[in-house]
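Following the numbering used here from start to finish, the sequence shown increments by one per residue and tops out at 597. Glycine residues also receive a C-beta, built at the ideal position from the N, C-alpha and C atoms. All values reported here derive from a predicted model rather than from experimental measurement.
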Amino acid sequence: MKQSQLRAIPAVEKVLLALGDTDLPRPIVLGVVRRELAALRTQKSIPAFDAVLASARDALSELRASRIRPLINGTGILIHTNFGRAPLGPDVIQALSNIGSSYSNLEYGLAGGTRGGRAAYLERSLAALCEAEAATVVNNNAAALVLILRHFCQADAAISERTGRAGSRKAAPRKNEVIISRGELIQIGGGFRIPDILETSGARLREVGTTNKTSLQDYGRAMGRETALILKVHRSNFFMDGFVESAQAEEIAALARKKRVPFVEDLGSGAMIETQTAAGLEHEPTPAEVIGRRVDLVCFSGDKLLGGPQAGIIAGKAKLIAALKRDPFFRALRCDKLILSALEATADIYLRGQGGIPVLEMLHASNDDLRSRAEKIRSALDGLPIKARVGEGQAQIGGGTLPRSAIASVTLDLVHGAIKPQEIAARLRDHAVPVIGYVARGSLKLDLRTIFPRQDAELIAAIRAVCR
Ligand SMILES: *Cc1c(COP(=O)(O)O)cnc(C)c1O
């Protein structure tokens, strides 16, 4: 009989003792060890104790690496959904800390000493920013869209069910049809498809026009007794060029008003700034601009170009906003106090015209400044076996926003005689403060635009560590 077949599965305690301090809570380590040992039972032969230990260590490292932690974003993608989208600035962090660490008047009227409205000040700020009658906020833009669709497509059915007017359903057809251009049936990021969102919301899709052309007449012909609303979705993550046509928002708005159905636009990003003033960017419609075209409701994300926390902002007609807030489903989508305070601080920055939105500061950073930082980092790496050069790159907005954006930027390019750039990339990702770059033309490139100046020292330390 071979030696391995004689070996018994080691005891949990023995493995735990040998692992020593893993920097993870004991119940988590215990779980990993139990799983590892259980897996041995299915094996023909039991490996040596050292091998069992090594495999448990690997599993723990993998688990440890999956803990949420800061990283250095050298990709040049400003709003990276995998990296948590918009980082928050100091004023916003201060607000989070103040409100998070204490009791607050979240839903309390200080004047009367009674229950008060939630997010009343924030709603005013958002309405002012969007130049709209009213505004409100939910967990993200996907939730905003679901709330709007559910509300306007199920409201009628719910009312007739509640009042027991069963017969009236036949007389009045169910108003749950949403009219949308075929050119706007888009997918955003992982698994967010407009047709699926419509379906889960109880809406029926009424596609009009073609992929590249949709006219006002297409919308007009589709309008009927079952029309619940007209939806326009901003093509935020791709562009169409060539033989294309879409109806003007003003014209669709007039049609919707005549037929007394709401006209809703999902803007996606919700830039408050004139993006085209930054070199390499096109114009991204602002919520105020869309409201100005007489769209009834507009919705957008809080953590894309707005540069705030994850949220879905809805702005527009006061009557419609009030109706959405009365919908019982609104309660299930409401934001917590941390988000509300962070968003309040973000809106304040815009209303006061101050700086302090990291995404916008990165967007507007001058290449001269980026170059002088890159030079400093490069000279700090002198004498290492790795060669560093100051190079050029193209930063992007990302997050499914302004797909054609190409912002000229400055990179630090790393080349090592003996280590492939892919291997340098892997080692940097594995560093205590992970550094993420991209490989191009034989070097690992790190775009300075998305690296905070305060991270430069950490970046130097990481590069030193990986080429040792
Ligand atoms: C990003 C995006 C969404 C989803 O927004 P979340 O805040 O991520 O839920 C919806 N619609 C459009 C057009 C988008 O660009």
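* CB-CB under 7 Å to N269, same chain, minus the five flanking residues each way: which ones, in chain order? -> S430, Q439, A440 and G441
* To do: Measure from the alpha carbon of L530 to the alpha carbon of each residue in D425, A447 and T415, then state which is nearest.
  => The amino acid at residue 530 is misidentified as Leu; the sequence shows Thr. Of the listed residues, the one whose Cα sits closest to T530 is T415.
* Could you spell out where the alpha helix (DSSP H) holding D150 opens and where it closes? => No alpha helix (DSSP H) holds D150; DSSP gives it neither H nor E.
* **Same chain only: Cβ atoms within 8 Å of G296, ignoring 5 sequence neighbours per side** => Its pLDDT being 47, under 50, G296 is placed unreliably by the model, and the measurement read from it follows with that caveat. Once the five neighbours on either side are set aside, G296 has no close Cβ partner at all.
* Nearest to R507 by CA position, among A590, L434 and G320, is which residue? -> A590
* For the beta strand (DSSP E) that contains G429, what are its first and last residues? -> According to the sequence shown, residue 429 is Phe rather than Gly. Counting along the chain, the beta strand (DSSP E) containing F429 begins and ends at L426 to S430.
* Local conformation of L360 per DSSP, three classes -> strand
* What is the residue span of the beta strand (DSSP E) that L573 lies within? -> S572 to D576
* Asked: Going by C-alpha distance, which of A376, G353 and L207 is nearest H363?
  -> A376
* **Cut-off 6 Å between Cβ atoms - residues of its own chain near S226, not counting five sequence neighbours on either side** => none
* DSSP beta-bridge partners of S398 -> DSSP, once it has assigned bridges, lists no residue as partnering S398.
* To do: Would you check if the region 534-551 and the region 561-578 touch, i.e. whether three or more CB-CB distances between them fall below 8 Å?
  => yes
* Is the closest heavy atom of ligand 1 to the C-beta of S430 under 7 Å? -> yes
* To do: Evaluate S470 with the Cβ neighbour count: other Cβ atoms within 10 Å of its Cβ, from every protein chain shown; 16 or more gives buried, anything less gives exposed.
  => buried
* To the nearest angstrom, how far is it from the Cα of R164 to the Cα of L135? -> 21 Å
* To do: Have a look at Q584 and M491 and give me their C-alpha separation to the nearest angstrom.
  => 13 Å
* To do: Check the DSSP bridge columns for K505 and list the partner residues they point to.
  => K505 pairs with nothing; no bridge assigned.
* State the start and end residues of the unbroken beta strand (DSSP E) segment that holds A264. => A263 to V267
* **Nearest candidate by alpha-carbon position, reference L276, set G527, R463 and L467** => R463
* Enumerate, from N- to C-terminal direction, the unbroken alpha helix (DSSP H) stretches of 4 or more residues contained entirely within the region 430-505. => 447-455, 457-461, 466-481 and 487-493
* Using a threshold of 7 Å, is the CB atom of F321 nearer than that to any non-hydrogen atom of ligand 1? -> yes
* Hey, how far is the Cα of L166 from the Cα of S195? -> 22 Å
* Asked: Under three-state DSSP, which class holds G218?
  -> coil
* Asked: Do you know how far the Cα of V562 is from the Cα of L200?
  -> 6 Å
* Bounding residues of the alpha helix (DSSP H) (the contiguous stretch that carries Y605) -> Because residue 605 is not part of the residues shown, which for the chain are 130 to 597, the question remains open.
* Asked: Can you tell me where the beta strand (DSSP E) with V568 in it begins and where it stops?
  -> Y567 to A569
* Asked: If you check the beta carbons only, do E336 and I309 fall under 8 Å apart?
  -> yes
* **Beta carbon of A215 nearer than 8 Å to that of L278** => no
* Can you list the alpha helix (DSSP H) stretches of 4 or more residues lying completely in the region 369-413, in chain order? -> 378-387
* **Rounded C-alpha distance that separates L217 from G437** => 6 Å
* Would you mind stating whether V267 and L251 have Cβ atoms separated by less than 8 Å? => no
* Asked: Would you say the beta carbon of L84 comes nearer than 7 Å to a heavy atom of ligand 1?
  -> For residue 84 there is no data in the structure shown, the boundaries of the chain being 130 and 597.
* Could you pull the start and end residues of the alpha helix (DSSP H) that R558 belongs to? => P550 to R558
* Taking the beta strand (DSSP E) that A254 falls in, what are its first and last residues? -> In the sequence on display, residue 254 carries Ser and not Ala. No beta strand (DSSP E) contains S254, which is instead part of the alpha helix (DSSP H) from A249 to C259.
* Leaving out five residues on either side along the sequence, give the residues of the same chain with a beta carbon under 7 Å from the beta carbon of I478. => D220, G485 and I486
* Cα separation between A188 and I228? -> 38 Å
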